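Numbering (the numbering used here), first residue to last: 1496 to 1572.
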């Protein structure tokens, strides 16, 4: 995320920062840089319960690749 932000307290190493409007940013990314999986999509309801909406697994990612790249990642594909 880019920009300038103000926080009520000084950030320290290990401080937790939650950005509530980042979903649109993270959902458009379609790469597994160094095989780091795509983030799952979940919702938090107003009653503070959570629900997993979608978990993106390797076969879904491989299906978006060209045949040659897919064969490198999953030779049995």
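Using N, Cα and C, we set each Cβ at its ideal position, and we do this for glycine too. What you are looking at is a predicted structure, and each value in this text was computed from that prediction instead of being measured.
In the three-state scheme derived from DSSP, where H, G and I count as helix and E and B as strand, residue 1557 is classed as helix. Taking the CA atoms as reference points, residue 1532 sits about 32 Å from residue 1504. The C-beta distance from residue 1545 to residue 1558 rounds to 27 Å, too long to meet the 8 Å contact threshold. Residue 1506 sits in coil when the DSSP states are folded into three classes, being neither helix nor strand.
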